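Participant: Just dropping this structure here.
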Amino acid sequence: MHDIQTARLLLEPLVASHAEAMFSVLSEPSLHIHIDSSPPESVDALRQRYIKLEARASPDRSQLWLNWAVVSPGVGPIGFVQATVVGTTAWVAYLLGRGYWARGYASEATFAMLGYLASVHQTSLFKATVEVENSNSVALLRRIGFRLANSSELAGVSLSPTERLYVKNAGSFPHEI
């Protein structure tokens, strides 16, 4: 994994030393309303999670676990972007602290990660699940070129009644964010 530089941000491969700064970002309960996680219990618990993620792969090596801290120069970590890569498909996710919403940071960071995955890992398909009520996340995905999955793309995917699957082909990078 490498750093990814954007116009305004630096995406650093996530490591245990990010835990203290990320704890304060991720501790806001309202960030976790639309996702399948809770605020971290402690800095140490988050550090232990990040140590596990530093393996960059599942124990059986069938999945790549690629996680970056989204860093705003002069501010520090403001959130994360992540991808679970299986073959040529990447399941992507992102989370930024509430104070950094509506500035285009999540779009910029996620779009940069997709470009990295396409060029370095030859990822050809990106997928993201989102809660229907999470209008900010739906707007972000659409802004960076994702579309609602069709019935054939939904085959074999287990979603709750309130989730939707969005997809993007790697060949669809016609513009920058």
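Counting from 1148, one number per residue, gives the positions in the sequence shown under the working numbering.
Glycine included, each C-beta is placed from N, C-alpha and C at the ideal position.
In this text, all values refer to a predicted model and were calculated from it rather than measured experimentally.
(1) So is Ile1198 buried or exposed if we call it buried at 16+ other beta carbons inside 10 Å?
(2) Write down the C-beta distance between Gly1226 and Val1172 rounded to the nearest angstrom, noting that I regard them as a contact closer than 8 Å.
(3) Once DSSP output is grouped into helix, strand and coil, what is the label at Leu1243?
(4) Use the C-beta contact count for Ala1216: other C-beta atoms within 10 angstroms, 16 or more gives buried, fewer gives exposed.
(5) So which of Met1169, Arg1203, Arg1294, Gly1251 has the shortest CA-CA distance to Asp1191?
(6) Taking buried to mean at least 16 other C-beta atoms within 10 Å of its own C-beta, is Leu1213 buried or exposed?
(7) Let's see if you can read the secondary structure: which residues bound the alpha helix (DSSP H) around Glu1255?
(8) Do you know offhand how far Pro1160's Cα is from Val1218's?
(9) Can you tell me whether Leu1306 is buried or exposed, with buried defined as 16 or more other CB within 10 angstroms of its CB?
(10) Please check the pair Val1314 and Arg1290, which I expect to be a contact at CB under 8 Å, by giving their CB distance rounded to whole angstroms.
(11) Buried or exposed, going by whether 16 or more other CB atoms sit within 10 Å of the CB of Thr1235?
(12) Could you check where the alpha helix (DSSP H) with Glu1167 kicks off and where it finishes?
Facilitator: The answer reads as follows:
(1) exposed
(2) 6 Å
(3) strand
(4) buried
(5) Met1169
(6) buried
(7) 1252 to 1267
(8) 10 Å
(9) exposed
(10) Not confirmed; about 15 Å, so no contact.
(11) exposed
(12) 1166 to 1173
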